[in-house]
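Please read the structure below before turning to the comments.
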Amino acid sequence: MNAIASTHAPAGSAALNAQQSGVMIVAGIVLWYAAAVLLRALSDAQLLGGSTGALVFAATVPGTLPFVLLLRRLGGLGADQVVPGYTLATTAALLCDGVAMTWYPALYGADDTAARLAAGGVIFGGAVGLALAFFVAAQMRRN
Numbered sequence: 001m002n003a004i005a006s007t008h009a010p011a012g013s014a015a016l017n018a019q020q021s022g023v024m025i026v027a028g029i030v031l032w033y034a035a036a037v038l039l040r041a042l043s044d045a046q047l048l049g050g051s052t053g054a055l056v057f058a059a060t061v062p063g064t065l066p067f068v069l070l071l072r073r074l075g076g077l078g079a080d081q082v083v084p085g086y087t088l089a090t091t092a093a094l095l096c097d098g099v100a101m102t103w104y105p106a107l108y109g110a111d112d113t114a115a116r117l118a119a120g121g122v123i124f125g126g127a128v129g130l131a132l133a134f135f136v137a138a139q140m141r142r143n
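For the sequence shown, counting from 1, position 119 maps to 119 in the UniProt record's numbering; every step adds exactly one.
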């Protein structure tokens, strides 16, 4: 049976059970939408380009950690499941990002440049989240 689709993952396993997988997918979609709405507001306020955009990207690093911790808790993820779980959530978010940029870029901004900057923020946030998931998992293993 596929590890992602299994109902029960063995203790200490990196495999996610079906419930954990579902939680990660739904959480990824919800967090993507929240990020898209936030980035649209920042885009409308002209805060995503230039030096202010760099500050927004810098703030993404500490701003993403609570969501990594939240997903770990929501999914009941062990140290070996944090990275696969967050990867699944990020995959769901990036799929939504691709669909939105292709068929509804106005979600992100009033014009192509604004939409591109906001979508880049989603991709950057996803990458930051993945890096932080590795960090959180390593910290969990040490404790």
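Ideal Cβ positions, reconstructed from N, Cα and C, are used throughout, including at glycine.
So which of A133, G125 and A54 has the shortest CA-CA distance to G63? G125
Using a threshold of 7 Å, state whether the C-beta atoms of S43 and A119 are closer than that. no
Out of V136, A115 and A127, point me to the one whose CA is closest to V37's CA. A115
If you reduce the DSSP assignment to three classes, tell me which class L88 lands in. helix
CB-CB length for L16 against L88, believed under 8 Å: 7 Å
Decide if V23 is buried, meaning its Cβ has at least 16 other Cβ atoms within 10 Å, or exposed. buried
Residue closest to I29, alpha-carbon to alpha-carbon, out of L48, A92 and T113: A92
Quick check on S51: buried or exposed, where buried means 16 or more other Cβ atoms within 10 Å of its Cβ? exposed
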